[in-house]
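A short worksheet on the structure shown next.
2 protein chains.
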Amino acid sequence: MEFSELIKTATVEDVLLSRQGLPAVRGTLCITSHHLLLSSCPGGELELWLLIRNVDAVEKRVQNLGWYQPPRSGGSPRDPRVSGSSGTITLRCKDLQVLQLEIPGMEECLNIASSIEALSSVDSVMMLYPFFYRPPSLRLQQGWHLRVPERHFQRVASQTSRWRLSTVNRDFSACPSYPPAVIVPAAVADDTVARAARFRQGGRFPVLSYFHPQTGTALLRSSQPLTGPNRRRCREDEQLLGTILGEGERGFVLDTRSAQAAKQARISGGGTEPKSCYPRWRRLHRALERGRPLQDSFSRLAEACAEPAVSVERWLGRLDGSRWLSHVKAALSTACLAAQCLDREGGTVLVHGAEGTDSTLLVTALAQLILDPACRTLEGFQGLLEREWIQAGHPFQLRCARSASSHARGKQEAPLFLLFLDCVWQLSRQFPFSLEFGEQLLLTLFDNAYASAYGTFLCNNERERSLCKVKESTHSLWAWLNQPEERHKYLNPLYSHNPLVIWPSVEPQSIQLWQGFFLRWIRPSQHLQEAWGEIRRLVQGNSSSLQESTGKRPSQPLPEPPAGTGDGKVGTAGTR
Amino acid sequence: MEFSELIKTATVEDVLLSRQGLPAVRGTLCITSHHLLLSSCPGGELELWLLIRNVDAVEKRVQNLGWYQPPRSGGSPRDPRVSGSSGTITLRCKDLQVLQLEIPGMEECLNIASSIEALSSVDSVMMLYPFFYRPPSLRLQQGWHLRVPERHFQRVASQTSRWRLSTVNRDFSACPSYPPAVIVPAAVADDTVARAARFRQGGRFPVLSYFHPQTGTALLRSSQPLTGPNRRRCREDEQLLGTILGEGERGFVLDTRSAQAAKQARISGGGTEPKSCYPRWRRLHRALERGRPLQDSFSRLAEACAEPAVSVERWLGRLDGSRWLSHVKAALSTACLAAQCLDREGGTVLVHGAEGTDSTLLVTALAQLILDPACRTLEGFQGLLEREWIQAGHPFQLRCARSASSHARGKQEAPLFLLFLDCVWQLSRQFPFSLEFGEQLLLTLFDNAYASAYGTFLCNNERERSLCKVKESTHSLWAWLNQPEERHKYLNPLYSHNPLVIWPSVEPQSIQLWQGFFLRWIRPSQHLQEAWGEIRRLVQGNSSSLQESTGKRPSQPLPEPPAGTGDGKVGTAGTR
Numbered sequence: 395m396e397f398s399e400l401i402k403t404a405t406v407e408d409v410l411l412s413r414q415g416l417p418a419v420r421g422t423l424c425i426t427s428h429h430l431l432l433s434s435c436p437g438g439e440l441e442l443w444l445l446i447r448n449v450d451a452v453e454k455r456v457q458n459l460g461w462y463q464p465p466r467s468g469g470s471p472r473d474p475r476v477s478g479s480s481g482t483i484t485l486r487c488k489d490l491q492v493l494q495l496e497i498p499g500m501e502e503c504l505n506i507a508s509s510i511e512a513l514s515s516v517d518s519v520m521m522l523y524p525f526f527y528r529p530p531s532l533r534l535q536q537g538w539h540l541r542v543p544e545r546h547f548q549r550v551a552s553q554t555s556r557w558r559l560s561t562v563n564r565d566f567s568a569c570p571s572y573p574p575a576v577i578v579p580a581a582v583a584d585d586t587v588a589r590a591a592r593f594r595q596g597g598r599f600p601v602l603s604y605f606h607p608q609t610g611t612a613l614l615r616s617s618q619p620l621t622g623p624n625r626r627r628c629r630e631d632e633q634l635l636g637t638i639l640g641e642g643e644r645g646f647v648l649d650t651r652s653a654q655a656a657k658q659a660r661i662s663g664g665g666t667e668p669k670s671c672y673p674r675w676r677r678l679h680r681a682l683e684r685g686r687p688l689q690d691s692f693s694r695l696a697e698a699c700a701e702p703a704v705s706v707e708r709w710l711g712r713l714d715g716s717r718w719l720s721h722v723k724a725a726l727s728t729a730c731l732a733a734q735c736l737d738r739e740g741g742t743v744l745v746h747g748a749e750g751t752d753s754t755l756l757v758t759a760l761a762q763l764i765l766d767p768a769c770r771t772l773e774g775f776q777g778l779l780e781r782e783w784i785q786a787g788h789p790f791q792l793r794c795a796r797s798a799s800s801h802a803r804g805k806q807e808a809p810l811f812l813l814f815l816d817c818v819w820q821l822s823r824q825f826p827f828s829l830e831f832g833e834q835l836l837l838t839l840f841d842n843a844y845a846s847a848y849g850t851f852l853c854n855n856e857r858e859r860s861l862c863k864v865k866e867s868t869h870s871l872w873a874w875l876n877q878p879e880e881r882h883k884y885l886n887p888l889y890s891h892n893p894l895v896i897w898p899s900v901e902p903q904s905i906q907l908w909q910g911f912f913l914r915w916i917r918p919s920q921h922l923q924e925a926w927g928e929i930r931r932l933v934q935g936n937s938s939s940l941q942e943s944t945g946k947r948p949s950q951p952l953p954e955p956p957a958g959t960g961d962g963k964v965g966t967a968g969t970r
Numbered sequence: 395m396e397f398s399e400l401i402k403t404a405t406v407e408d409v410l411l412s413r414q415g416l417p418a419v420r421g422t423l424c425i426t427s428h429h430l431l432l433s434s435c436p437g438g439e440l441e442l443w444l445l446i447r448n449v450d451a452v453e454k455r456v457q458n459l460g461w462y463q464p465p466r467s468g469g470s471p472r473d474p475r476v477s478g479s480s481g482t483i484t485l486r487c488k489d490l491q492v493l494q495l496e497i498p499g500m501e502e503c504l505n506i507a508s509s510i511e512a513l514s515s516v517d518s519v520m521m522l523y524p525f526f527y528r529p530p531s532l533r534l535q536q537g538w539h540l541r542v543p544e545r546h547f548q549r550v551a552s553q554t555s556r557w558r559l560s561t562v563n564r565d566f567s568a569c570p571s572y573p574p575a576v577i578v579p580a581a582v583a584d585d586t587v588a589r590a591a592r593f594r595q596g597g598r599f600p601v602l603s604y605f606h607p608q609t610g611t612a613l614l615r616s617s618q619p620l621t622g623p624n625r626r627r628c629r630e631d632e633q634l635l636g637t638i639l640g641e642g643e644r645g646f647v648l649d650t651r652s653a654q655a656a657k658q659a660r661i662s663g664g665g666t667e668p669k670s671c672y673p674r675w676r677r678l679h680r681a682l683e684r685g686r687p688l689q690d691s692f693s694r695l696a697e698a699c700a701e702p703a704v705s706v707e708r709w710l711g712r713l714d715g716s717r718w719l720s721h722v723k724a725a726l727s728t729a730c731l732a733a734q735c736l737d738r739e740g741g742t743v744l745v746h747g748a749e750g751t752d753s754t755l756l757v758t759a760l761a762q763l764i765l766d767p768a769c770r771t772l773e774g775f776q777g778l779l780e781r782e783w784i785q786a787g788h789p790f791q792l793r794c795a796r797s798a799s800s801h802a803r804g805k806q807e808a809p810l811f812l813l814f815l816d817c818v819w820q821l822s823r824q825f826p827f828s829l830e831f832g833e834q835l836l837l838t839l840f841d842n843a844y845a846s847a848y849g850t851f852l853c854n855n856e857r858e859r860s861l862c863k864v865k866e867s868t869h870s871l872w873a874w875l876n877q878p879e880e881r882h883k884y885l886n887p888l889y890s891h892n893p894l895v896i897w898p899s900v901e902p903q904s905i906q907l908w909q910g911f912f913l914r915w916i917r918p919s920q921h922l923q924e925a926w927g928e929i930r931r932l933v934q935g936n937s938s939s940l941q942e943s944t945g946k947r948p949s950q951p952l953p954e955p956p957a958g959t960g961d962g963k964v965g966t967a968g969t970r
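Going down the list, the sequences are from chains A and B. The opening residue of the first sequence carries number 395 in the working numbering; numbering runs sequentially from there. The opening residue of the second sequence carries number 395 in the working numbering; numbering runs sequentially from there.
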């Protein structure tokens, strides 16, 4: 496939761009392989630079005014403005921005619309923008070789000798969605692990997610056991889980499905760990929504947020009807439960649902953020995302193929990662000192998971990334973010290290709508952003006055005034 | 009446005090004329110092365990702990705090409960604590003689000569609920004003609330005209309103009732300004809830906030059912409409409903905050409260007699002032730089309006204050707040002067629950308070480093670390 085949019309003049809360701009529209550009007419200033992958849905409306409006003298009948036909394209972006393009000429309008549709839904990963994007400030391969599992294991090994780094999955044969290196019990050999993998859906055998040094307990994750209707057993799986518990220790299996759903899964070959075979493990069920219901919830909430001039009753009714805040509450509660089992009950916890690639990761990642101050730094949080989302095999390509406008379309889309980011935002609101990063990082992560110039969130797992040579051929988002001139944008100026567990309130009265995300384009919280900018400047003032008095340079890069709305986004859509 | 007659039991030992989110304390309970004290047993440290006027409702539950538990040997049968009877008193405070006292001895419990009931509902204003409170740092009369209307008029007079300060009400004869000095059109003589007053309910003739220098337009307020079923007219009232509009100028009557309610008011002698008699005034109706529906809304919301372990659905349903956010939205929208008429339409606005003492003041005060940067400073806001709430005759004594627990009790209670404070909080959230004061001031104002050591919010109008000698015999809240060591607690560290009109978003998606008030005792936002404290320290750091470099003293008092939850309250209830 050549991009040029997909672009039916590359340039149209005299296009009117309208966006929420911004003045309309008239200019020349350009479609390139990966971007939609609009340069305003008089100065040729660039007004819009949109990654076409960010387009979630294209709506078009054409109207032929030619019947009513006779051609003016001197105009050629083919001049669309003279023939009077025109069209409007509405682009609903994955980041919830809505753009309107008024295009003179019906044919041009239809061509532009179908070009955007085709370009935004290119199937082949290796045709995506990250494989073409070469920012001058970065080297390829920079930021890719963080050796995240190895570094995580080093930390675990400094605290206990009961775990080891295994390369049983070095060729992705034991589990195609796991990374090559995983942490397993030291007492269990690789062949036992490989056999246990065959008893777990998709080969996702129990691996260490987090070791809690205060109580010496572990957080594990896996997929469901393939118990099936005949109540199959697997000695190796039982051995693996048995070894994890020391003398007199208890374990909890935290199943992210209801007890009934877990039981029903036996019909299709799945199931749960029966008490008789795993006698020291107690099962807890906490049903978390995922898949289609979660996707619908997201769509409904985004729609409700965009509805103008509505009454408070209707708004609260629609907010409630979307059930999004219930999902946030359920995710946070379940993560707290896992964290409590580890920290308060001194029990080891295995989290799984069915596939173990969605709600499971939501719970294990949030539990670590609650328990472990190391995950709450900017670097630690990137490591957590690498370990518990990207390398752990959350299928980003499938889940983030479409965003809120895909209502009732795809089958695999689900905003699990957005739900995670929302829960992190709730934590950051309740503990304004304890996370080193701020809202802007969470927004940037969402944007890049759905449409990016970087390869970090491409594909569904490490195996696919290896096949597509993502690490060799694209730039890492982390390399970009960690550049000193970028990094400071994502820092929380009020951060100070908090060594304690941060237990969030999960009462519904405490769960708030994440306005910074859901109302980002509708009611940009410009003043709040400026307030954070001001706080950042104050911190800078303090550290530079400190610098003057002590003669030392501040250890962190100096902040700049905050960027306007739409800026601070990495390579998705920028307004200049 | 002597206080001692009301106090049936002054001291009980071994009382257990429980409060939300705090450890229980055992100690000696003391009832004085105005306070409930609890000193913890071992050290005699004071744990609670509660103004009894702050008690909204007393619930008691006694249980006689004597039948089941025979007296131990050596104990006297009158020793309540031996006889085994005990009781629990639940105190629901006006500031929404809930306290529980477990009292040994059924008789003691009933005595304490009835003493608190009697003391908390003393009728006579001059028996209240402000008439007895003498803080050493303040002189009596300090802060009382701010000459608020006169100073306001000076400002108006510097901008226009069309208004004059009238003393037509110097003996409260024209309008018992107006202050002695009011601003009226320069072209209208006092006898005309006095006659116009007879045509307005409660004598509340149209007076100047705010002059908008940018457009030369005026915001006025009054009560409804006494049109009645016979469509009475009053030449003087027509003349007064006619004079206000210059050549070709338009006026708007912003009626805070629905068109239907305004029409129905004619049956009971009220009504509206008919088009035929006031040809240049256009009527706009914006129905704002007040009285009982507003009080019920407050009670329902407070109940919903206190309900533990509820689902998100139920919480959102109850939040919606309370309709409180709708009232906030309606108040802000109506204030924006008034501000728009003045600033955008260049029209003069007269606001009234029926009495002109409730919704009317809500609208005129909010409109000024939106339009006028001078009202957004700490000093300017105090002036606004004095002019538009206290001296304008909002009946604080009637409206704030009971708080949220008074569900279905009083007839005159209504949280108009809380609704105003909530709207101000919404403004401060949307414009984090533009108000010089922070949430703590709003909380302190609420607390003092409902139960106070100061005389500022006593009585219903200036006439009553004069009769009770409030200004001679009590201290002013403003005098207390404006002491340098107090003042800084109420400042917004991010404030910077914003000369523009601040137009809030009134979309329901933008209106938030004021958690700092409604969840103050349930889920204290300790971390958020600390964050503000940190920002305050940063600002201090900046200004003191500025001071070092320029050799100048900062013009504002230096901030201190923030006070804990429950502190920063003025004389209502303190925890030490």
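We treat Cβ as the ideally placed atom computed from N, Cα and C, and that holds for glycine. From a predicted model like this one, the values you see are computed outputs, not experimental measurements.
Asked: Scan the stretch 700 to 714 of chain A for residues whose Cβ lies nearer than 8 Å to a Cβ of chain B and list them as they occur along the chain.; Found: Pro702, Ala703, Val704, Ser705, Val706, Glu707, Arg708, Trp709, Leu710, Gly711, Leu713, Asp714
Asked: Would Leu522(B) and Val647(B) qualify as a contact pair, given that the criterion is a beta-carbon distance under 9 Å?; Found: no
Asked: In chain order, what residues of the stretch 734 to 762 of chain B put their CB closer than 7 Å to some CB of chain A?; Found: none
Asked: Give the DSSP-derived three-state secondary structure of Gly715(A) in the structure shown.; Found: helix
Asked: Roughly how many angstroms lie between the CA atoms of Ser515(B) and Arg447(B), to the nearest whole one?; Found: 7 Å
Asked: Among Tyr884(A), Thr426(A), Ala698(A), Ile764(A), which has the Cα closest to the Cα of Pro893(A)?; Found: Ile764(A)
Asked: Counting only C-beta atoms, is Glu683(A) closer than 9 Å to chain B at any point?; Found: no
Asked: On the criterion of 16 or more Cβ atoms from any shown chain inside 10 Å, does Ser943(B) qualify as buried, or is it exposed?; Found: Summary for Ser943(B): the model assigns pLDDT 37, below 50, so the residue's position carries little reliability, and this model does not support an answer.
Asked: Under a Cβ-count criterion, where at least 16 other Cβ atoms within 10 Å of its own Cβ denotes burial, should Asp565(A) be classed as buried or exposed?; Found: exposed
Asked: To the nearest angstrom, report how far apart Gly750(A) and Ser899(B) are at their CA atoms.; Found: 43 Å
Asked: Does Ser899(A) have its Cβ less than 9 Å from a Cβ in chain B?; Found: yes
Asked: Using DSSP's beta-bridge definition, name the partner residues of Leu423(A).; Found: Val406(A), Leu432(A)
Asked: Below 9 Å on C-beta distance, what does Lys413(A) contact in chain B?; Found: Inspection of the sequence shows that residue 413(A) is occupied by Arg rather than by Lys. By Cβ distance, chain B contributes nothing, its closest Cβ being about 17 Å from Arg413(A), past 9 Å.
Asked: What do you reckon, are the CB atoms on Arg644(B) and Gly747(B) nearer than 9 Å?; Found: no
Asked: So, is Gly469(B) buried or exposed, given that buried needs 16 or more other C-beta atoms within 10 angstroms?; Found: Low local confidence applies: a pLDDT of 44 at Gly469(B) is under 50, so the model's placement there is unreliable, and no value is given.
Asked: How long is the line joining the alpha carbons of Trp461(A) and Glu701(A), rounded to whole angstroms?; Found: Interpretation of Trp461(A) is limited by its pLDDT of 46, a score under 50 that renders its predicted location unreliable; no figure is taken from the coordinates.
Asked: List the whole-angstrom C-beta distance separating Leu760(A) from Ala724(A), where the pair is believed to meet the contact cut-off of C-beta under 8 Å.; Found: In fact, because the Cβ distance is near 11 Å, the residues do not count as touching under 8 Å.
Asked: Short check: CB of Asp489(B) to CB of Tyr844(B), under 9 Å?; Found: yes
Asked: If you measure between the beta carbons of Phe593(B) and Arg625(B), is that distance less than 9 Å?; Found: no
Asked: Secondary structure at Tyr604(B), three-state DSSP: helix, strand or coil?; Found: strand
Asked: Pull up the CB-CB distance for Leu871(B) and Asn842(B), whole angstroms please, since I reckon it's below 8 Å.; Found: 5 Å
Asked: Output, in chain order, the set of chain B residues within a Cβ distance shorter than 7 Å of Leu836(A).; Found: None at all; the shortest Cβ gap to chain B is about 18 Å.
Asked: Would Lys402(B) count as contacting chain A if we go by Cβ distances under 9 Å?; Found: no
Asked: Quick one: residues in its chain with C-beta nearer than 6 Å to the C-beta of Gly537(B), no 5 flanking neighbours on either side, listed in chain order?; Found: Ser870, Trp872, Ala873
Asked: Span of the beta strand (DSSP E) holding Glu496(B)?; Found: 492 to 498
Asked: Spell out whether any CB of chain B is found under 9 Å from the CB atom of Pro524(A).; Found: no
Asked: Which whole runs of the alpha helix (DSSP H) in the stretch 631 to 678 of chain B are 4 residues long or more, in chain order?; Found: 653 to 658
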